[in-house]
Amino acid sequence: MSQTVRGVISRKKGLPVEVVDIVIPDPGPGEVVVDISACGVCHTDMTYRDGGINDDYPFLLGHEAAGTVEAVGPGVTAVEPGDFVILNWRAVCGQCRACKRGRPQYCFDTFNAEQKMTLTDGTELTPALGIGAFTDKTLVHSGQCTRIDPRADPAVAGLLGCGVMAGLGAAVNTAAVTRDDTVAVIGCGGVGDAAIAGSALVGAKRIIAVDTDNTKLEWARQFGATHTVNARDTDVVTAIQDLTGGFGADVVIDAVGRPETWTQAFYARDLAGTVVLVGVPTPDMRIDLPLLDFFSRGGALKSSWYGDCLPERDFPTLVDLYLQGRLPLEKFVSERIALDDIEEAFEKMHAGKVLRSVVVLS
70 MSQTVRGVIS RKKGLPVEVV DIVIPDPGPG EVVVDISACG VCHTDMTYRD GGINDDYPFL
130 LGHEAAGTVE AVGPGVTAVE PGDFVILNWR AVCGQCRACK RGRPQYCFDT FNAEQKMTLT
190 DGTELTPALG IGAFTDKTLV HSGQCTRIDP RADPAVAGLL GCGVMAGLGA AVNTAAVTRD
250 DTVAVIGCGG VGDAAIAGSA LVGAKRIIAV DTDNTKLEWA RQFGATHTVN ARDTDVVTAI
310 QDLTGGFGAD VVIDAVGRPE TWTQAFYARD LAGTVVLVGV PTPDMRIDLP LLDFFSRGGA
370 LKSSWYGDCL PERDFPTLVD LYLQGRLPLE KFVSERIALD DIEEAFEKMH AGKVLRSVVV
430 LS
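Letter by letter, the sequence shown follows residues 70 to 431 in our numbering.
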């Protein structure tokens, strides 16, 4: 039997979000209803609100979530009622050409729930990233649920569902940072600080944080940055070269995703260094680069989508490291808020006042 719960929607571009009643259907084949405990407020949710993803309004916002499985549909075997899970937006299919080549992190046919959640008048909702977790309960595909240790704080664990995993994975999975590497991270919001935390976790010998905000640079030091560069005060490329004996960093991670920051990353790396783009650009952005400069530098230019993660592999391991005190995920939680506070949380995030506001539901 369907149930009615509270949820936060974006009804139309340019309007504030609303807390309304939404209808959650019983789970069908392969589907799961999850009772949401906590959900982080991510920049992607604000982008949905502002029409930067598509115009499939109304959106059910929220996706960085953890909660407890309440009910499962026919054929679900990976999770069962009572399991504590993190939700993800990359439920791999196992059958596409990427999966069959042993590269499931590039899956071309990821799963979402087939049924639609709706408003009480029957209007279908578009869940953010196929999740929609600014709500008491949500409906997802079972492959979007990764079981983790129930001792983890839901407000902390849920952040692995998007931004923290994206940044940490950019360092550990995409760039394959090692203990001998010097890493520079451009942009020290949630994703950039996660890249710093990941680099520190694997023992990078030098971690250079770059931002235009001294408060963010101080946050970066808390996650393991050994040096900081304020991009308002100095030339970023020169500063990174000065800190690396004139050579540049082994790995430069662009957590901003703008042509100017990517260009800084390109020229701030060592001749055989790696650039990783994890910040999300807009469709209109372009790079103008001399082809000879590309040819003469070697190394690797990579993009990192969701930190090249496999949730079933990465989430439990990272939660275990957090519980052991080896990964300071709790530092990403700037404040805990209610559903009614999300519009204000967007304003704080846009102003750079928080790493993550987290909605706590239970």
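Every residue, glycine too, gets a C-beta built ideally from N, C-alpha and C.
Range covered by the beta strand (DSSP E) that runs through residue i
{"i": "residue 371", "result": "369-372"}
{"i": "residue 268", "result": "Unbroken run through residue 268 is the alpha helix (DSSP H), 259-270; no beta strand (DSSP E)."}
{"i": "residue 342", "result": "338-346"}
{"i": "residue 114", "result": "Segment 112-118 is the alpha helix (DSSP H) holding residue 114; no beta strand (DSSP E) there."}
{"i": "residue 153", "result": "153-156"}
{"i": "residue 275", "result": "275-280"}
Beta-carbon proximity of residue i to residue j, cut-off 8 Å
{"i": "residue 252", "j": "residue 309", "result": "no"}
{"i": "residue 259", "j": "residue 233", "result": "yes"}
{"i": "residue 199", "j": "residue 161", "result": "no"}
{"i": "residue 138", "j": "residue 214", "result": "yes"}
{"i": "residue 76", "j": "residue 235", "result": "no"}
{"i": "residue 424", "j": "residue 401", "result": "yes"}
{"i": "residue 289", "j": "residue 257", "result": "yes"}
{"i": "residue 277", "j": "residue 246", "result": "no"}
{"i": "residue 227", "j": "residue 135", "result": "yes"}
{"i": "residue 204", "j": "residue 74", "result": "yes"}
Distance between residue j and residue i (C-alpha atoms, nearest Å)
{"i": "residue 117", "j": "residue 82", "result": "9 Å"}
{"i": "residue 306", "j": "residue 263", "result": "22 Å"}
{"i": "residue 94", "j": "residue 404", "result": "32 Å"}
{"i": "residue 78", "j": "residue 208", "result": "15 Å"}
{"i": "residue 351", "j": "residue 329", "result": "13 Å"}
{"i": "residue 194", "j": "residue 274", "result": "47 Å"}
{"i": "residue 318", "j": "residue 184", "result": "48 Å"}
{"i": "residue 333", "j": "residue 249", "result": "22 Å"}
Cβ-based burial, residue i [other Cβ within 10 Å; buried from 16]
{"i": "residue 356", "result": "exposed"}
{"i": "residue 393", "result": "exposed"}
{"i": "residue 98", "result": "exposed"}
{"i": "residue 70", "result": "exposed"}
{"i": "residue 419", "result": "exposed"}
{"i": "residue 87", "result": "exposed"}
{"i": "residue 100", "result": "buried"}
{"i": "residue 341", "result": "exposed"}
{"i": "residue 314", "result": "exposed"}
{"i": "residue 182", "result": "buried"}
{"i": "residue 48", "result": "Look at the range of the chain in this structure, 70 to 431, and you will see that residue 48 is not part of it."}
{"i": "residue 115", "result": "buried"}
{"i": "residue 164", "result": "exposed"}
Bounding residues of the alpha helix (DSSP H) (the contiguous stretch that carries residue i)
{"i": "residue 291", "result": "283-291"}
{"i": "residue 200", "result": "Careful: residue 200 lies outside any alpha helix (DSSP H) and carries neither H nor E."}
{"i": "residue 72", "result": "Where residue 72 is concerned, there is no enclosing alpha helix (DSSP H), although the beta strand (DSSP E) it sits in stretches over 72-79."}
Could you name each continuous alpha helix (DSSP H) segment of 4 residues or more that falls completely within the region 170-244, going from the start of the chain to the end? 223-226, 232-238
Curious, which full-length alpha helix (DSSP H) runs of at least 4 residues does the region 298-332 contain? 305-311
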